[in-house]
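Start counting the sequence shown at 5; every next residue gets the next number (our numbering). From the three backbone atoms N, C-alpha and C, an ideal C-beta is built for every residue, glycine too. One structure is given here, and the rest of the page talks about it.
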Amino acid sequence: LLPPVSWDVDPDVMSTLTELPVNDNVDDDKALSLSQHFSFRKTGTTIVGCLADSGRTVVIAADTRATDGTTVADARCEKVHRIADNVWCCGAGTSGDIDALVREARYSFLQRGAVSESIGNGNEGGRIASHDDTVPGQMRPWLPKARVSAVVRFLRDTLYESGGGIGVNLVLGGYDVNQGQAVLVAIHPHGSVDSVPFTALGSGGLAAMSVLESRYRPDVTVEEAVRIVKEAVSAGISNDLGSGSQIDLCVISPTGVTYERAVVEEETLPVSNGDVASDKLLRQRNSAEAEEGLILDGVCGFGSLPYAIKTRRVLLQDGEQEIKRRMLIEKIMG
């Protein structure tokens, strides 16, 4: 049984609730340590998607920064995932949950494709795996095509059955051959699904959505959609510390899939005039001859940060009375 938990509930509502059983054997200190152990961590991501070419193409993109609280755990994390040959998604939330869910969906539809192929309805291209190093890793293994609605239903049912226990937000895009149209959906942790022309999720989603709402048009071309998506993710990176590094992008069209990593490289801080002057001063000090009172070895091992001694102190030896007092203390202490 769980320890009792106090909630701020209206008295009228509290009167309608049944009293929960309380386990008196639960240690309060242990319960406190458990609550501290399972504290929530800040996650950061910006994932974006939009339709283009009159709904025949979908473009999705994401940043690549993975965070663990306030620590950047991975600056080149892959957040664009391949579920089927014609269905891709971007994930925001807990990275372990996203990887597990995407792998489950990928192998489920891989098995369905293998069964379909075994009865004569297989992929026209056959099972071909590319070993070319110039091909992105996710594009190498063979995967069958799948109906976008079937993939969405599989993900929706899995998340709904978990009751929100799987921390996953997905922006899923794919091209449905039967309908002849591209599909873009936003899938949330409890299993709710939104079919939209453009969307943005993650901690940087608000800033990204502002760009999409101001720039998107129903008749946008593929080239314009790519630029809009890049600017949307860049806005999320600029306004959210949890998002950052580079931008990965995927374009799904009737002719195939184009997946590129680092379409926008990680930005570097501009060099200011103060930085230039500071570097020049450090070079002069480190290359000049040692002057009196100037130490060039640096502080705490940082050799490029010299310092100057401005004050000096001379410590006098202990007086006669201090020596006698110490000897008396040592005698008493044995």
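Val187 is the residue among Gln183, Pro148, Val187, Asp283 whose C-alpha sits nearest the C-alpha of valine 156.
Looking from the CA of glutamate 235, the closest CA among Val268, Val172, Arg60 belongs to Val268. Boundaries of the alpha helix (DSSP H) harbouring aspartate 161: 152 to 166, taken from the DSSP string. Of all C-beta pairs linking the region 88 to 99 to the region 53 to 70, three or more are shorter than 8 Å, placing the two stretches in contact. Straight-line measurement puts the Cα of threonine 259 at about 34 Å from the Cα of serine 242. Excluding its 5 nearest sequence neighbours in each direction, glycine 117 has C-beta neighbours in its own chain below 6 Å: Pro148, listed in chain order. Along the region 160 to 236, the alpha helix (DSSP H) occurs as fully enclosed runs of 4 or more residues at 209 to 219, listed in sequence order.
Judged by their CB atoms, glutamine 185 and glycine 59 are nearer to each other than the 8 Å cut-off. Relative to the Cα of valine 172, the nearest Cα in the group Ser214, His194, Thr68, Ser247 belongs to His194.
Here serine 249 carries a coil assignment [DSSP, helix/strand/coil]. In this structure, glycine 53 places its C-beta atom within 8 Å of the C-beta atom of valine 175. Out of Val76, Thr75, Ala70, Thr74, the CA that lies nearest to the CA of valine 84 is found in Ala70.
For serine 99, the secondary structure class from DSSP, reduced to helix, strand or coil, is helix.
One thing to note: serine 257 has its Cβ no nearer than 8 Å to the Cβ of serine 207. Linking arginine 80 to cysteine 254 through their CA atoms gives a straight-line distance of about 16 Å. Considered as a whole, the region 44 to 120 harbours 51 to 56, 61 to 67, 70 to 72, 75 to 78, 84 to 88, 91 to 97 as its complete beta strand (DSSP E) runs of no fewer than 3 residues, in chain order. For a cut-off of 8 Å, the C-beta gap from alanine 239 to valine 200 is around 18 Å, too long to register as a contact. Cβ-Cβ distances below 7 Å link tyrosine 164 to His194, Gly195 in the same chain, with the five nearest sequence neighbours on each side left out; the list follows chain order.
Taking 8 Å as the cut-off, the beta carbon of phenylalanine 158 is found closer than this to the beta carbon of alanine 109. Where glutamate 326 is concerned, there is no enclosing beta strand (DSSP E), although the alpha helix (DSSP H) around it starts and stops at 324 to 337. Excluding five sequence positions before and after threonine 262, the CB atoms of its chain that fall closer than 6 Å to its own CB belong to Val255, given in chain order. For glutamate 264, the uninterrupted beta strand (DSSP E) segment begins and ends at 260 to 268.
The C-alpha of phenylalanine 113 lies about 33 Å from the C-alpha of aspartate 223. Sorting Gly177, Asn182, Gln183, Ala212 by C-alpha distance to the C-alpha of aspartate 198 places Gly177 at the top. Taking the CA atoms as reference points, leucine 55 sits about 16 Å from valine 237. Restricting attention to Asp283, Ala204, Arg86, Thr68, the CA atom closest to the CA of tyrosine 179 is found in Arg86. Cβ-Cβ separation between threonine 50 and aspartate 244: approximately 6 Å, consistent with a contact (criterion under 8 Å). In this structure, His192 is the residue among His192, Ala150, Thr225, Met331 with its C-alpha nearest to the C-alpha of arginine 160. Sequence-distant partners of alanine 229 (beyond 5 residues in either direction) whose C-beta falls short of 7 Å from its own C-beta, in its chain, are Cys54, Ala56, Val63. Under the criterion of beta carbons closer than 8 Å, asparagine 182 and arginine 151 qualify as touching, at roughly 7 Å. Between leucine 210 and leucine 285, the alpha-carbon positions lie close to 43 Å from each other.
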